[in-house]
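Chains A and B supply the protein sequences, listed in that same order. Start counting the first sequence at 1; every next residue gets the next number (our numbering). Start counting the second sequence at 1; every next residue gets the next number (our numbering). Structure record follows, encoded as structure tokens.
2 protein chains.
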Amino acid sequence: MTTSSDPTEFAVPELKYDDHGLIPAIVQDDATSEILMLGYMNERSLRMTLEKRLVTFWSRSRQEYWTKGETSGNVLELVDIRKDCDVDALLVRAVPHGPTCHTGHRSCFYRELGDD
Amino acid sequence: MTTSSDPTEFAVPELKYDDHGLIPAIVQDDATSEILMLGYMNERSLRMTLEKRLVTFWSRSRQEYWTKGETSGNVLELVDIRKDCDVDALLVRAVPHGPTCHTGHRSCFYRELGDD
């Protein structure tokens with residue numbers, strides 16, 4: 001038997017994941033409070049986020065782990081993570097290095113509902 | 001044939017809903033930029049939100065339409081709605097009337113990940 005002192009150990013069991021084992025994670029710019037994106041984490045990507053201190057999702061489209069900015073360099077440096085009252089959503093505060101959106105915008109939410 | 005001038009008409013077809021016909025909607029305090037909650041909308045609750053100017057979700061647990069604060073009075077008055085680059089998430093800016101969380105907290109995200 002081993003006793004783990006991994007500080008990320010606590011994070012997992014208390015959360016409610018959906019049928020696909022995922023939990024939505026809102027990413028907010030820690031300095032400006034701007035919402036940058038919404039992604040999905042599973043248990044392991046949450047652990048990877050805590051360990052690497054870089055926001056890491058499960059990509060639903062590519063079905064793979066995705067450390068945001070790993071290729072582009074536009075990483076999201078972790079500040080802290082909050083959970084909601086129902087423990088089925090996360091709020092991740094981060095320092096963005098470069099634009100978060102693949103379109104080059106700072107935030108993925110750059111359009112109003114009615115915009116083309 | 002009728003010609004509709006309903007300003008909410010545009011909102012629906014362009015969005016990507018999930019297998020349950022839902023899209024996640026992040027609610028942000030328009031004045032402070034604080035994240036208040038994450039809820040889910042379907043096509044009709046999005047329309048209701050735009051028509052009533054009060055944020056209205058589809059409650060997954062109760063399987064019913066849910067205009068936030070309808071009972072408590074703690075409504076979320078709509079300011080505007082943004083969509084993300086993938087059109088599968090919404091960012092709703094609102095004026096909260098009273099606390100948003102059922103626990104009495106301003107925001108549902110009042111705990112750090114490791115808190116009990």
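C-beta: ideal position from N, C-alpha, C; glycine also.
C-beta neighbour in chain B for residue i, strict 8 Å
i	result
glutamate 112 of chain A	yes
phenylalanine 57 of chain A	no
alanine 11 of chain A	In this prediction, alanine 11 of chain A has a pLDDT of 47, which is less than 50 and means its spatial position is unreliable; what the coordinates show is noted afterwards. By this cut-off, alanine 11 of chain A is an interface position.
alanine 89 of chain A	yes
isoleucine 81 of chain A	yes
arginine 106 of chain A	no
histidine 138 of chain A	Coverage of chain A is limited to positions 1 through 116, which leaves residue 138 of chain A absent and any answer about it impossible.
Beta-carbon proximity check, residue i vs residue j, cutoff 8 Å
i	j	result
glycine 73 of chain A	glycine 98 of chain A	yes
glutamate 77 of chain B	leucine 54 of chain B	yes
valine 87 of chain A	leucine 15 of chain A	yes
isoleucine 35 of chain B	isoleucine 26 of chain A	yes
threonine 100 of chain A	methionine 48 of chain A	no
lysine 68 of chain B	valine 75 of chain B	yes
cysteine 108 of chain B	cysteine 85 of chain A	yes
is_contact[residue i, chain A] using C-beta, thresh 8 Å
i	result
serine 33 of chain B	yes
glutamine 63 of chain B	no
leucine 22 of chain B	no
aspartate 30 of chain B	no
threonine 71 of chain B	no
methionine 41 of chain B	no
leucine 38 of chain B	yes
Simplified DSSP assignment, three categories, for residue i
i	result
aspartate 29 of chain B	strand
glutamate 112 of chain A	strand
phenylalanine 10 of chain B	At phenylalanine 10 of chain B, the pLDDT of 49 sits below 50, so the modelled position is not reliable and the matter cannot be decided from this model.
lysine 16 of chain B	coil
proline 99 of chain A	coil
serine 106 of chain A	Going by the sequence as given, residue 106 of chain A is arginine instead of serine. Coil at arginine 106 of chain A, not helix or strand.
leucine 22 of chain A	coil
valine 87 of chain A	coil
serine 5 of chain B	Caution applies to serine 5 of chain B, whose pLDDT of 47 falls short of 50 and renders its modelled position unreliable; the value that the coordinates give is listed next. In this structure, serine 5 of chain B counts as coil in the three-state DSSP scheme.
Could you name each continuous alpha helix (DSSP H) segment of 4 residues or more that falls completely within the region 40 to 78 of chain A, going from the start of the chain to the end? 43 to 52
When the Cβ atoms of the region 85 to 95 of chain A are set against those of the region 24 to 42 of chain A, are three or more pairs found closer than 8 Å? yes
Answer yes if the region 41 to 55 of chain B comes into contact with the region 15 to 25 of chain B, meaning at least three C-beta pairs across the two stretches below 8 Å, and no otherwise. yes
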